[in-house]
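Okay, so here's the structure we're looking at.
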Amino acid sequence: MESTNLHILGGGPAGLTTGYYAKKHGFANFTIFEAGEHVGGNCRTLKIEGADCRDSTLQRDDFRFDTGAHRFHDKDPQVTKEVKTLLGDNLLRVEAPSEIFFEDKFYRFPLLLNDLVQKLETKTLLKIAWEKVHSRRRKQADNFADFAINQYGKTLAEHFLLNYSEKLWGQPPHKLSTAISGNRLKGLDLRNFLRSTLLGTPQNPAHLDGSFFYPKYGIGMISDKLYEFIGPNHIKLNHRVNRLVHKNGRIERIIVNNVSDTQHATTAQNEIEIPVSTVINTLPLTLSMRMLDPPPPPELSTIADTIKYRHLLLCVFCLNRDAFSSNASIYFPSETFPFTRLYEPKNRSTDMAPKGQTVIVLELPCYSDDAVWNMSEATLQTEVWEALQRVKPLLPEEVIHYQSYKLPFAYPVLEVGFEENVAQLVAYFETFKNLYLTGRSSLFRYLHLHDLFKAGKEVIEQIAQVP
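If you're matching positions, the sequence shown starts at 18 in this note's numbering and goes up one per residue.
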């Protein structure tokens, strides 16, 4: 397919998986444009070298952390096979539990019935059981708050779901779509719950969240292996797409800045015009709307302004102790904690930190105008450190290194009615005959890594069928 000219916008997981299948499918003429210095987007592994390590040149003596508590789920056999081929023995099967920290106690997550029976007061358990009996009589939910209460009752929902969801998404639960709901509490069926509560014979659901795949040196290995397979000649780093110039229902050219040229990175002198025949866009949906030249109809711009993406601020502590916990992740529903989740990479792979030391990462979801996003490094560290002491005490001298890391456009905020708004924007992009959308940010869907592989394959197969 020498004559096929593909321009893939964005070098995150969506762009890389698309490029991967483009090469496998025989497309010889394609280019990925990535604004950053590295591929992987918000799915990278970062390395902190030389922090009190015996030899910082050795991989086993590096502190590593992912840009988020990523894991690879074995949900699609074909995709799993592809990733195993890419990583070989470096793809590990991991069995690591997660927990919720609520009112000074750790609860297993997904919730286990015997754990709730042991840690919640009897009157609370009976209240939960009573609410579960009557929850089936409620009307169909049109928002996440009603959905959670219908499914699990008001008490259980408020304890473990509603406050956490508001912290994570930055919106009251009644404004969030039911699309944010997962199946992680599906083991709490009414019969087993009542048996556990009243008869003291706990029945546990299968562990839904503790088994997954994880690369030996972090989730970024997947992006790195995709990059190696695709080849650097197909990827232009430090190339930010600024405009999508269109005419007569087609994208005619893209305007790109070479941001590696710091002297002219933001000036028109540094703009590069590139004619295109086929464009695959993985960039954020709202950002892409603003790139269109000429601009879209005003009513669509108005819709785009109402759609939100959540940013993520990571606070990273390298510790001179063997472990902080045994969990893959710890969740914090209480608003008294500034963070929503803590993850410890070493519990995914022991090669993520030096022997006898560990690293923990705390996630603080926010918007760009929130105070925490613009907080000074010293103030942020103090605030997170003080909250962390209420979970498990740490000594100041145990901290080898601290840093924060910002992840813009971490994930889409799925508000009530978002489907209709997003559908209108996507439908407008679909009017361009040579433009295709794929990925979490571009389609405004909460997709996982295995979903992105599948989507990348599908869009390449679709293009291959075009005459």
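The C-beta atom is built at its ideal place from N, Cα and C for all residues, glycine as well.
Item	Value
Per-residue DSSP class, three states only, for LEU243	helix
Backbone CA spacing between THR195 and VAL433 [nearest angstrom]	8 Å
Within 8 Å, strictly: CB atoms of LEU108 and PHE229	no
Cutoff 6 Å; reference ASP159; Cβ partners in own chain excluding five residues on either side	none
Beta-carbon separation (whole angstroms), GLU112 vs TYR124, contact threshold 8 Å	No, GLU112 and TYR124 are not in contact; Cβ-Cβ is about 19 Å, not under 8 Å.
Buried or exposed (CB count within 10 angstroms, at least 16 for buried), ASP241	buried
Cβ contact check for the segment 438-458 and the segment 347-358: 3 or more pairs under 8 Å	no
For SER421, three-class secondary structure by DSSP	strand
Check whether THR84 and LEU63 have beta carbons under 8 Å apart	yes
As assigned by DSSP and simplified to three states, the class of LEU412	coil
First and last residue of the uninterrupted alpha helix (DSSP H) at GLU183	180-186
ALA444 beta carbon near the ligand SAM (any heavy atom closer than 7 Å)	With respect to the ligand SAM, the structure shown offers nothing to examine, as it has no ligands at all.
Status (buried if at least 16 other CB within 10 Å, exposed otherwise) for SER182	buried
ALA45 in three-state terms, based on DSSP	coil
Sufficient close CB pairs (3 or more, under 8 Å) joining the segment 361-377 to the segment 331-342	yes
Coarse secondary structure for ARG365, derived from DSSP in three states	coil
Residues sharing a beta bridge with TYR124, DSSP	ILE117
One or two residues paired with ILE252 in a DSSP bridge	ILE49
ASP83 - partner residues in DSSP beta bridges	THR62
Identity of the residues DSSP links to ASP468 by a beta bridge	BP columns for ASP468 are empty, so no partner.
ILE197 beta carbon less than 8 Å from that of LEU431	yes
GLU112: first and last residue of the uninterrupted alpha helix (DSSP H) it sits in	No alpha helix (DSSP H) holds GLU112; the beta strand (DSSP E) holding it covers 108-112.
DSSP-derived helix/strand/coil call for LEU75	Residue confidence is low: LEU75 scores 38 on pLDDT, short of 50, so the model does not pin down where it sits. Its coordinate-derived value is still stated next. Coil.
CB of TYR451 within 8 Å of CB of SER294, strictly	Before going further, note that residue 451 is Asn rather than Tyr in the sequence given. Yes, they are a contact pair.
Option in SER458, LEU412, TRP390, LYS363 with minimal Cα separation from PHE82	LYS363
Whether LYS40 touches ILE247 by CB criterion (8 Å)	yes
Whole-angstrom C-beta distance between LEU330 and TRP390, which should lie under 8 Å	6 Å
Assigned secondary structure, SER318 (DSSP; H/G/I helix, E/B strand, else coil)	helix
According to DSSP, residues forming a beta bridge with THR295	LEU23
HIS407, buried or exposed, once every other Cβ within 10 Å from all chains shown has been counted against 16	Checking the displayed sequence, the identity of residue 407 turns out to be Arg instead of His. Label assigned to ARG407: exposed.
Coarse secondary structure for SER305, derived from DSSP in three states	helix
Simplified DSSP state of ASP69, which is helix, strand or coil	Here the model assigns ASP69 a pLDDT of 48, short of 50, so the residue's position is not dependable, and the following value carries that caveat. ASP69 falls in the coil class under three-state DSSP.
CB-CB length for ILE236 against HIS328, believed under 8 Å	Their Cβ separation, rounded to whole angstroms, is 19 Å, which puts ILE236 and HIS328 out of contact at 8 Å.
C-beta atoms of SER459 and PHE426 nearer than 8 Å	no
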